[in-house]
Each structure stands twice: as structure tokens, then as C-alpha cells.
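K.L.:
Residues 186 to 492, numbered by this note's numbering, are exactly what the sequence shown covers, in order. Yeah, the Cβ is synthetic: ideal placement off N, Cα and C, and Gly gets one too. Okay, handing you the structure first.
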Amino acid sequence: MADCLASAGGLSRRFLLSGAAALALTGVAACGRKDETAKAPEAPPTPAGPAEGSLEWAVQGSWRSAQDKARDAFRHPMETLRFFGLQPRMTVVEFWPGSGWYTEILAPYLAKGAGTYVAALFPEGPTADPAQAVLNAAFRTRFSSDKKLYGEPQFTVFGAESGPVTAAAGTAELCLFMRTLHGWMAAGIVEKAFSDAFVALRPGGILGIEQHRLSPEEDQDPVAANGYVQEAFVRQLAAEAGFVFVAASEINANEADTKDHPFGVDTLAPTRLTAPRGEPADPAFDRSKYEAIGESDRMTLKFRKPE
């Protein structure tokens, strides 16, 4: 600072005294001292992923296996569930959830949102199909084992002799039939499925259906042996049960599916049959054509129970 003051030789003593404060301030910068100013507050860190409890969080969940996530490209779970109008506080009934592909998404989402997940499993008891009994047992064990993640799912059954799928009629906001209609047609219980869902839903509740789609020019097999069902037939079943059609989506369409496979829809992923069901796999079967197709062409339909 002394060098800087000396360089102002032509200034009067009065100016120097009266301007001492100003020179002291300006001299700091002029003589090369660092200007110490307050630092701006740092921005909060950007979240690493979707908000916990969101549908995006549930779909991207670390608890889902890489194999299951790979199927999202064909099943589009987030877009499908949004199309059906899923909300976090809903009571949702999924009919025949199988091994729980959708349950992995639905149960955590509903648990975080104070909703309720209800699994209407395969029929149980002395006459139950052994393979279905194994799936039921594994399902119950898996989704009862982690209450922090899955909450407390409710378990019921659906079949030819089953009762209501919810503890009280008219309490569910959403029922889901996910690629199950052909199995119920083969078992002769497809009308009962629509009727049971209608009873379970509150007025205004939604029935969401995803199903392998038969071409409209093809004849509908009453038992849907190849796994494909006409959209018009599904709409008819829903109407007969009392439902009102709301909308259809092409979310799960697949134009590459020719629907003429040797072992029906189960020739495709994820089942990948190489021989008729119940027979040993054929190691010589060329799967390249079917792997290129991916999963089936599917209709995605939304129905409503009238108010």
C-alpha cells in the first residue's frame, strides 16, 4: 500500500486524509491483493434416480432381475400401467400373477403409496394342478418375505370353484388380466373371471387387459389352444359382464408376430417351446426366426364398471 500512496505525489494532504478510506479500499485491488468476496451457495446435488415411490422407481427397481428388465422392451410396464390409470393409493387385484413379473413392480409401488396389492392366485386344494401349486407356494413365500419392499400383499385364489377375490365387494379400483384369457378359455372359466372382476371393482373401477391378439380374419378357437384371442371376442366378454369399453392402445403391439408358430404363442419368448408341451425339448429346432420376433403381438384394452 505504501508504494501506491507514494505514486500519488501530486495529491494534497487534505485529499489524502479525506480520501484515505476510499484509497484503502481501491488500493487493495490496484496493488494486486486478492478481492475476498462471499462465495455463492452450492446448488443441491441432483438426485441419482427417480423419486422413491414413483412408478419410474418401481420399474427401475434394483430388486428386479436383469432378465425381467430385459422383457420391458416387449411389455412396456410403465406405459401399460399408466394407460390403465394406476395410482399409488389404489386397491389393485391381479388375476393369476404367475411367478410375479408384474408383482415386482406393483407391490413396491402400492406399498410406498399406501395402496393395496391383491394376488388372485391359481386354485388351491387337493385337486390343484401340481405345477400351479408350486408357483403359488413360491409366490407367497417371495412376496411375504420383505415387508419393507413389498408391504403386506393380500392373497386369494381364482378358479372354477373360488369365491370372491376381495374381502368385500366393490372395493377394488383396478383389476388386471395380464396374458391370462387363453388359459381361462381352455379351463372354461373366462366368463367367471370377468364376473368376479366386476363384483370386486367399485363403481367406476377399471379392468385392464393385456392379451395375445389373434388376427380378426382368423376363426376364434373356443379354447384358444394357440394362445391368441380376437379383440372383438374380448370386448364381447367384457360387455356381457357389464363393463363399458374405454380405450385400446397399441403399446404392446408387435407387427413382426406372424401368429402361425408350431407350438402356438409359447413358441415365442419367454416360454420358447421347441416341442409340443409335455414332450422333451428338441435340440435340433431352429429358434432363430422366433428369437427375431421377440414376444407376441398383444392387445391392451381398458374397460370401466359403470357408476
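#1: Checking 8 Å against the spacing of the C-beta atoms, do Y302 and G336 come in under that value?
#2: Relative to the alpha-carbon of F269, which residue among T485, V414, K490 has its alpha-carbon at the smallest distance?
#3: So, at 6 Å on beta carbons, what are the nonlocal neighbours of A409 in its own chain, with the 5 sequence-adjacent residues on each side left out?
#4: Measure the Cβ-Cβ separation of G246 and P293 and say whether it is below 8 Å.
#5: Under 8 Å, with one C-beta from each stretch per pair, do the segment 383-393 and the segment 351-360 reach the 3-pair mark?
#6: For a test of the three-state rule: what should DSSP assign to C189, helix, strand or coil?
#7: Do you know offhand how far L359's Cα is from I391's?
#8: If you draw a straight line from the alpha carbon of R364 to that of G234, how long is it in whole angstroms?
#9: Helix, strand or coil for F269? Go by DSSP, reduced to three states.
#10: Helix or strand or just coil, what does DSSP make of G479?
#11: Based on DSSP bridge pairs, tell me the residues matched to S239.
#12: Check for me: the alpha helix (DSSP H) holding R364 runs from which residue to which?
#13: Give the list of continuous beta strand (DSSP E) stretches no shorter than 3 residues that lie fully inside the segment 389-463.
#14: How do the segment 249-265 and the segment 345-352 stand: do at least 3 beta-carbon pairs fall below 8 Å, yes or no?
#15: Count the other C-beta atoms from every protein chain shown that fall within 10 angstroms of the C-beta of V493, then say buried if there are 16 or more, exposed otherwise.
#16: Output yes or no for whether 8 Å exceeds the beta carbon distance between K487 and V429.
#17: Could you compute how far the alpha carbon of G512 sits from the alpha carbon of D442?
#18: What residue ranges within the segment 298-372 form continuous beta strand (DSSP E) runs of no fewer than 3 residues, ordered along the chain?
#19: Ordered along the chain, which non-local residues of its own chain (more than five positions away) have a Cβ less than 6 Å from that of D404?
#20: Have a look at K333, R483, T459 and flag the residue whose alpha-carbon is nearest the alpha-carbon of S473.
#21: What is the DSSP secondary structure of G212, counted as helix, strand or coil?
#22: Where do the N-terminal and C-terminal ends of the beta strand (DSSP E) with E279 fall, by residue?
P.N.:
Short version:
#1: yes
#2: T485
#3: H367, M370
#4: yes
#5: yes
#6: Confidence is the limiting factor: at C189 the pLDDT is only 39, short of 50, which leaves the residue's position unreliable and the question unanswerable from this model.
#7: 5 Å
#8: So the two alpha carbons sit approximately 30 Å from each other.
#9: helix
#10: coil
#11: Note: S239 sits in no beta bridge, so no partner.
#12: Unbroken run through R364: none, as it is neither H nor E.
#13: 429-434
#14: no
#15: The structure shown does not extend to residue 493, since the chain spans only 186 to 492, so no value can be given for it.
#16: No, these two residues do not count as a Cβ contact at 8 Å.
#17: The question about residue 512 has no answer here: the residues shown for the chain are numbered 186 through 492.
#18: You should have 301-306, 339-342, 357-363.
#19: none
#20: Comparing Cα-Cα distances from S473 to each of K333, R483, T459, the minimum goes to T459.
#21: Residue placement at G212 is poorly supported in this model, since its pLDDT is 42, which falls under 50; the coordinates still yield a value, given next. G212: helix per DSSP, three-state reduction.
#22: Annotation: the continuous beta strand (DSSP E) that includes E279 extends over 276-280.
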